[in-house]
Amino acid sequence: MRCFLAILALAIPTVDARAEDRDADVKATINRGLSFLAKDSVAFKQMKQCYECHHAPFTIWALNEGKKQGYAVDEEVLADLTSWVVGEDFLGGLIKERAPQAEIVFNEAPLLLALGIEAGNTNDRQEGLKKLLTSVVNDQGQDGSWKRVKEARPVLSSPDTLTMLALVALSAPNAPDLGNEGKVARERGLQFLETAKPDEELQPTVLRLILWRRLGRPDSEWKPLEQQLRSAQNEDGGWSQLKLAKSDAYATGQTLYALAEAGAAKDDAVIRRAQSFLEKSQREDGAWAMTSRAIMGNGKVATKFEPITHAGSAWAVMGLVRTAPAETKPASTASK
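Here the sequence shown stands for residues 90 to 425, numbered as in this note's numbering.
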């Protein structure tokens, strides 16, 4: 009998062993995702002779997040991308002095690029980052919001969503000092959010939780948002952008990122279920399949899924990176 029990004990994995296996699976998923993002950006550059603005920001952001946690990232691609977006040639074309406008046309590229750069070491990027954020401030509307004339959801979404993203960028601890203009822009943006009616989508709740945590708001303001996200988890472990929609990488990655900001434990059951969903739904090439919600100028839904696939995959990677154990042996890779 004792012999049988001893054999049984050896045959059943310990809780620690199972946790280590789960962590290894998550890390493998992250590594495949990081590899896809770098290769996808390079492929777009070769095809378009330009880094697309809907690719570059998310690649920079995700690779910086991964690098901070010790994951192997393509240092060559990250350096090339970052140098390009803060270089004088690119910024000169991106941030042009515009004629007076009856209604401000928000240029979202500087905002998304700033968010990506702020996720990394900005010590030698302050000048370029300041130009990007100054452009963001200049595009603020009279009501204190940032909004697009033509939305392309989920990335270019409603005014309250874009305003929260802008405030996250302007409030980053490593953001350059924009003086009184930056302070006033933040105050006006927060005033707008006090009366803005959020969309009936997941993203506004996600971004508000991230923003409130970074601004140090009291528990009474952000705890209900955290609980709202937890309650919205689907049976498959993922989250949906819209009620009754299927779970996807964009919504699931964003929610994981927000829950990490709220201090969720690495072994939280909600976190583990979401990680499992992303592991199972990842494609062999390291990406996650996405369907576009963007409405084109002709009134039809976009049929090219490359932009949303890249953005959704980036959010999936960032959510996993933020909720998985850090890698203990940082390394870098080079694009091939």
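We put the beta carbon where it would ideally sit given N, CA and C, even for glycine. Nothing here was measured: the structure is a model prediction, and the numbers come from that model.
Rounded distance between the beta-carbons of residue j and residue i, thought under 8 Å
{"i": "residue 377", "j": "residue 401", "result": "5 Å"}
{"i": "residue 404", "j": "residue 343", "result": "5 Å"}
{"i": "residue 275", "j": "residue 256", "result": "6 Å"}
{"i": "residue 264", "j": "residue 218", "result": "7 Å"}
{"i": "residue 200", "j": "residue 267", "result": "The pair is not a contact, with the Cβ atoms about 14 Å apart (cut-off 8 Å)."}
Candidates the options, of which the one nearest residue i by Cα
{"i": "residue 128", "options": "116, 117, 152, 112", "result": "152"}
{"i": "residue 372", "options": "122, 249, 111, 113", "result": "122"}
{"i": "residue 374", "options": "125, 249, 412, 397", "result": "125"}
{"i": "residue 408", "options": "271, 397, 312, 295", "result": "295"}
{"i": "residue 175", "options": "348, 394, 213, 293", "result": "213"}
{"i": "residue 243", "options": "158, 410, 282, 396", "result": "396"}
{"i": "residue 160", "options": "133, 130, 119, 169", "result": "119"}
{"i": "residue 318", "options": "307, 305, 349", "result": "349"}
{"i": "residue 284", "options": "233, 229, 315, 355", "result": "233"}
{"i": "residue 182", "options": "220, 168, 210", "result": "220"}
{"i": "residue 286", "options": "338, 252, 260", "result": "252"}
{"i": "residue 225", "options": "271, 216, 211, 261", "result": "271"}
{"i": "residue 114", "options": "370, 340, 379", "result": "370"}
{"i": "residue 170", "options": "185, 316, 184, 205", "result": "205"}
{"i": "residue 208", "options": "260, 231, 227, 177", "result": "260"}
{"i": "residue 229", "options": "281, 211, 180", "result": "281"}
{"i": "residue 146", "options": "158, 360, 172, 135", "result": "172"}
Through-space distance from residue j to residue i, alpha-carbon basis
{"i": "residue 203", "j": "residue 365", "result": "31 Å"}
{"i": "residue 416", "j": "residue 333", "result": "36 Å"}
{"i": "residue 325", "j": "residue 148", "result": "27 Å"}
{"i": "residue 406", "j": "residue 345", "result": "10 Å"}
{"i": "residue 381", "j": "residue 398", "result": "8 Å"}
{"i": "residue 413", "j": "residue 192", "result": "44 Å"}
{"i": "residue 79", "j": "residue 131", "result": "Absent from the structure is residue 79, since the part of the chain shown begins at 90 and ends at 425."}
{"i": "residue 419", "j": "residue 327", "result": "Reliability fails at residue 419, whose pLDDT of 47 lies under 50, so the model's placement of it is uncertain and the value that follows must be treated cautiously. So the alpha carbons of these two residues sit roughly 29 Å apart."}
{"i": "residue 279", "j": "residue 194", "result": "20 Å"}
{"i": "residue 410", "j": "residue 292", "result": "19 Å"}
{"i": "residue 53", "j": "residue 240", "result": "There is no way to answer for residue 53, as the model of the chain reaches only from 90 to 425."}
{"i": "residue 245", "j": "residue 197", "result": "8 Å"}
{"i": "residue 273", "j": "residue 306", "result": "19 Å"}
{"i": "residue 222", "j": "residue 313", "result": "31 Å"}
{"i": "residue 49", "j": "residue 112", "result": "The structure shown does not extend to residue 49, since the chain is modelled only from 90 through 425, so no value can be given for it."}
{"i": "residue 368", "j": "residue 269", "result": "45 Å"}
{"i": "residue 277", "j": "residue 308", "result": "23 Å"}
{"i": "residue 336", "j": "residue 362", "result": "12 Å"}
{"i": "residue 116", "j": "residue 237", "result": "37 Å"}
{"i": "residue 178", "j": "residue 338", "result": "34 Å"}
{"i": "residue 394", "j": "residue 321", "result": "26 Å"}
{"i": "residue 323", "j": "residue 210", "result": "36 Å"}
{"i": "residue 215", "j": "residue 186", "result": "21 Å"}
{"i": "residue 157", "j": "residue 150", "result": "11 Å"}
Limits of the alpha helix (DSSP H) - the one that residue i falls within
{"i": "residue 328", "result": "No alpha helix (DSSP H) contains residue 328, which DSSP labels as neither H nor E."}
{"i": "residue 302", "result": "292-303"}
{"i": "residue 407", "result": "395-412"}
{"i": "residue 173", "result": "164-174"}
{"i": "residue 159", "result": "Note, residue 159: premise wrong, no alpha helix (DSSP H); not H, not E."}
{"i": "residue 361", "result": "358-370"}
{"i": "residue 313", "result": "308-320"}
{"i": "residue 267", "result": "Neither: residue 267 is in no alpha helix (DSSP H) and is coded neither H nor E."}
{"i": "residue 350", "result": "338-350"}
Contact with chain C by residue i, beta-carbon distance below 8 Å
{"i": "residue 195", "result": "The displayed structure is made up of one protein chain only, and chain C is not part of it."}
Any non-hydrogen atom of the ligand HEM closer than 7 Å to residue i Cβ
{"i": "residue 320", "result": "What this structure holds is no ligand at all, so the ligand HEM is not there to describe."}
Please specify which runs of the alpha helix (DSSP H), each continuous and at least 4 residues long, are wholly inside the segment 182-248, giving them in chain order.
197-207, 215-227
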